[in-house]
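The C-terminal position of the sequence shown is numbered 627 in the numbering used here, with every residue numbered one higher than the one before it.
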Amino acid sequence: MRRLSRMEVQINHNRQVMLQRVKTYWLVGVLQESLHGAELIDLAMTYRTNAVASRVTADYHQPDNLLPDEVFDTPLPLGTNITKVYDEAEGTLLIMGEPGAGKTTILLQLVSDLLLRAQMDGRHPIPVVFSLASWANNIPLGDWMVNELANRYEVPRRLGQLWLKNGELLPLLDGLDEVEQDHRVDCAQAINQFRQRYLTLPTVVTCRLKDYEALATRLNLAQAIVLQPLSLEQIDQYLGSMGPRLAGLRAALQTDQTLRELAESPLMLSMMTLAYYRMPEDVALSLGNRKMGRTLLFDVYVERMVRYRGGESIYEPEQTVQWLGWLAQKMSQFNQTIFFLENLQPNWLPREQQRQFVSTMRTQLAGVFVLVGLLAGLVGLLMSDWRALLAGLGAGLVAGGLLAFFRLLLVWARVSWFRIETVETLNWRWLRALLGGGLGLVGGGLLGGLLWLAGRGLDPPLSGGWVILLALVGLISQTVAHALERDEMKMRTTPGQGFTRSAQNGRLVGIITGVGTAVFLGLGWLITNWVNLPLAASTFWPFAVGISLYLGISAGLAYGGLAALQHKRLHRVLSEHQLAPADYIHFLDYAAERNLLRKVGGGYMFVHLLLLDYFRETANKNDM
């Protein structure tokens, strides 16, 4: 048996990691946590061939003399496997349906089968689900996919580009209707351009039926199917399998035509089974007599879910609706389908509160550096006299003033005040370390030389040892600044993991930088004495303490600590304004337990976009 080369082993490893991430993210996180029973019902499907363009023509416009679309629908046998439809379409398929018809569920069932194929056949492309909600106008679809691979699956951009170029990806594009309406045609055209460039690449797209029909552009795919509403027979069969626990729902369906129509949607039927679970018939009938529409069904569903299993309600129902409503508003505003705590940004606050947030952070950090200067001055006071205290305090005021007024953390650190940037992974680059350290050594030495020349006329004259010490400061600061490469680990497995890792990285970098600076400066002091350029202990130690603390704190903040502090402050502001609970993770887990949200790795998503719309509209009404 031929032994695999090191490169082949790495290629296979990357592939297996990606397959596992797709499985964890979408099958374990979404499909298996779907609303009860939704995936157990066989969905009826029909072919709608005239909904897609031919393989040659990118745009399809239906002639006026054709009959309505329904005439050209070709029913498939009930229970037809979606993978069989995919195979017959040679891997290019459009899946359409009404809201809540099961498009994403069907798509993920296809993903499950395709993952098995990819695991068994190393030549099979890797199936990857992409949410089109994040597509931006005028971005080529291939470039957008590479960005999404980096942002959602933690795939290095170079590897994502290689997979795409070699045809090793199988993109499944979920939610063309979730693209902003003004950009939807552009997105459809981008998909067609992608198809023209990658003719042999399988591509699957989902879209709401009416939104797709409203598009002038037709997708260049081989086949299209439409998911059909549930039949009365399917509804009765499903409810019958649940036994007496849904007797109230069955009674309500017999008397309420609107409720029966809603039950034709798999999503609505699933919600009904939870909302009406063990509900007495008289209560169910009284709800039905209100001519329940979708909004009222959501009202009942949410009310029942926040009192899940009759247990103690941790949060008041009004609070739950308010907090989820605000979250839905922001997710819609920023085109997000999955919410991570790391997504919380200062721009989620009203504009005035954004300015207050940034101003408070600057003031607090400026105060920290003033305290550093004061501490250095106290060290000098203990070793000499009160003039050292004033000198140290003055240095601290200068550092704090720079931070407060010039909005700098460190001259060499790239820090954003209005955007929280997590630092979840850090890479050390030796070449950049050597380059940065060399420049810092020379620059610090030159600065020390200038100070030494300027201080020769003082009484007593300034020691040449400062040239060595400032050269060491330049060496340390610029080595850390250039060698450490910040990055985000986008594939998060636990809530808040980005900030936890940022805090850990900040502490680690801060301690190593601070202690390392102190050690190097101590060695430098010994060297200055050895080469007969002595520095007085009463002068050296305040400087060493101040610089070590300054560089240690600054590096810790720049490489993760600031992101963790910003998040804590932002969360406190949201809690103070009743926009979020004090323990956000606990609340989100509570909402997921009650089937209002769904946990996806380290993030959360509403169980369906219709429920997100419901909470957003509820919040909009309350804001009026």
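By construction, the Cβ of each residue, glycine as well, lies at the ideal position given by its N, Cα and C atoms.
Reference residue i, options the options, closest by Cα
{"i": "residue 498", "options": "601, 286, 238", "result": "601"}
{"i": "residue 183", "options": "135, 437, 564", "result": "135"}
{"i": "residue 33", "options": "527, 341, 591, 560", "result": "341"}
{"i": "residue 548", "options": "566, 528, 532", "result": "528"}
{"i": "residue 233", "options": "515, 591, 81, 530", "result": "81"}
{"i": "residue 513", "options": "143, 479, 334, 85", "result": "479"}
{"i": "residue 229", "options": "422, 546, 619, 106", "result": "106"}
{"i": "residue 216", "options": "515, 203, 191, 364", "result": "191"}
{"i": "residue 542", "options": "516, 519, 469, 24", "result": "469"}
{"i": "residue 619", "options": "298, 477, 561, 476", "result": "298"}
{"i": "residue 269", "options": "245, 46, 139", "result": "46"}
{"i": "residue 353", "options": "582, 538, 197, 203", "result": "582"}
{"i": "residue 29", "options": "375, 284, 108", "result": "108"}
{"i": "residue 372", "options": "591, 554, 138", "result": "554"}
{"i": "residue 435", "options": "569, 482, 452, 476", "result": "482"}
{"i": "residue 445", "options": "563, 421, 471, 305", "result": "471"}
{"i": "residue 177", "options": "441, 334, 137, 437", "result": "137"}
{"i": "residue 49", "options": "538, 227, 168, 517", "result": "227"}
{"i": "residue 334", "options": "181, 266, 236", "result": "181"}
{"i": "residue 235", "options": "329, 264, 55", "result": "264"}
{"i": "residue 225", "options": "453, 54, 608", "result": "54"}
Beta-carbon spacing of residue i, residue j below 8 Å
{"i": "residue 125", "j": "residue 613", "result": "no"}
{"i": "residue 610", "j": "residue 623", "result": "no"}
{"i": "residue 524", "j": "residue 557", "result": "no"}
{"i": "residue 208", "j": "residue 179", "result": "yes"}
{"i": "residue 429", "j": "residue 448", "result": "no"}
{"i": "residue 360", "j": "residue 576", "result": "yes"}
{"i": "residue 559", "j": "residue 501", "result": "no"}
{"i": "residue 370", "j": "residue 496", "result": "no"}
{"i": "residue 425", "j": "residue 488", "result": "no"}
{"i": "residue 92", "j": "residue 143", "result": "no"}
{"i": "residue 300", "j": "residue 282", "result": "no"}
{"i": "residue 223", "j": "residue 248", "result": "no"}
{"i": "residue 595", "j": "residue 327", "result": "no"}
{"i": "residue 706", "j": "residue 212", "result": "Nothing in the structure corresponds to residue 706, since the chain is present only between 4 and 627."}
{"i": "residue 343", "j": "residue 564", "result": "no"}
{"i": "residue 286", "j": "residue 251", "result": "yes"}
{"i": "residue 189", "j": "residue 141", "result": "yes"}
{"i": "residue 167", "j": "residue 132", "result": "no"}
{"i": "residue 572", "j": "residue 276", "result": "no"}
Span separating the alpha-carbon of residue i from that of residue j
{"i": "residue 433", "j": "residue 351", "result": "39 Å"}
{"i": "residue 413", "j": "residue 21", "result": "Note on residue 413: pLDDT 45, under 50, position unreliable in the model; no value is reported."}
{"i": "residue 162", "j": "residue 117", "result": "21 Å"}
{"i": "residue 584", "j": "residue 503", "result": "19 Å"}
{"i": "residue 44", "j": "residue 240", "result": "10 Å"}
{"i": "residue 15", "j": "residue 129", "result": "12 Å"}
{"i": "residue 110", "j": "residue 320", "result": "33 Å"}
{"i": "residue 521", "j": "residue 17", "result": "41 Å"}
{"i": "residue 366", "j": "residue 323", "result": "34 Å"}
{"i": "residue 406", "j": "residue 278", "result": "For residue 406, the predicted model reports a pLDDT of 40, less than 50, meaning its position is unreliable and no value from the coordinates is stated."}
{"i": "residue 274", "j": "residue 308", "result": "10 Å"}
{"i": "residue 122", "j": "residue 19", "result": "8 Å"}
{"i": "residue 1", "j": "residue 578", "result": "Residue 1 cannot be examined here, being either before or after the span of the chain that is shown, 4 to 627."}
{"i": "residue 284", "j": "residue 303", "result": "15 Å"}
{"i": "residue 347", "j": "residue 325", "result": "17 Å"}
{"i": "residue 95", "j": "residue 89", "result": "7 Å"}
{"i": "residue 318", "j": "residue 511", "result": "37 Å"}
{"i": "residue 427", "j": "residue 164", "result": "23 Å"}
{"i": "residue 200", "j": "residue 83", "result": "31 Å"}
{"i": "residue 31", "j": "residue 24", "result": "10 Å"}
{"i": "residue 71", "j": "residue 221", "result": "With a pLDDT of only 47 at residue 71, under the threshold of 50, the placement of this residue in the model should not be trusted; the figure read from the coordinates follows. When rounded, the distance between both Cα atoms is 16 Å."}
{"i": "residue 437", "j": "residue 196", "result": "45 Å"}
{"i": "residue 329", "j": "residue 77", "result": "43 Å"}
{"i": "residue 657", "j": "residue 152", "result": "What is shown of the chain runs 4 to 627, which leaves residue 657 out entirely."}
{"i": "residue 568", "j": "residue 477", "result": "27 Å"}
Rounded Cβ spacing between residue i and residue j (contact assumed at less than 8 Å)
{"i": "residue 253", "j": "residue 262", "result": "About 11 Å; that fails the 8 Å criterion."}
{"i": "residue 486", "j": "residue 439", "result": "6 Å"}
{"i": "residue 421", "j": "residue 332", "result": "So it is not a contact: roughly 20 Å between Cβ atoms."}
{"i": "residue 204", "j": "residue 255", "result": "About 48 Å; that fails the 8 Å criterion."}
{"i": "residue 587", "j": "residue 570", "result": "Between residue 570 and residue 587 the Cβ distance is about 10 Å, and since that is not below 8 Å, they are no contact."}
{"i": "residue 423", "j": "residue 566", "result": "5 Å"}
Residue-chain proximity (residue i, chain B), Cβ-Cβ < 8 Å
{"i": "residue 301", "result": "Of the protein chains in this structure there is only one, and it is not chain B."}
Taking only runs of the beta strand (DSSP E) that begin and end inside the segment 311 to 385, which ones reach a length of at least 3 residues, in chain order?
-> DSSP assignment within the segment 311 to 385 yields no whole beta strand (DSSP E) run of 3 residues or more.
What alpha helix (DSSP H) runs, 4 residues minimum, are completely inside the segment 133 to 176?
-> Fully enclosed alpha helix (DSSP H) runs of 4 or longer: 144 to 156, 160 to 168.
Every unbroken beta strand (DSSP E) inside the segment 181 to 267 [3 residues or more] | With a minimum length of 3 residues, the continuous beta strand (DSSP E) runs that stay inside the segment 181 to 267 are 206 to 211, 226 to 230.
Identify every run of the beta strand (DSSP E) within the segment 485 to 566, keeping only runs that are complete inside it and at least 3 residues long; order them along the chain.
-> Counting whole runs of 3 or more residues, the segment 485 to 566 contains the beta strand (DSSP E) stretches 487 to 490.
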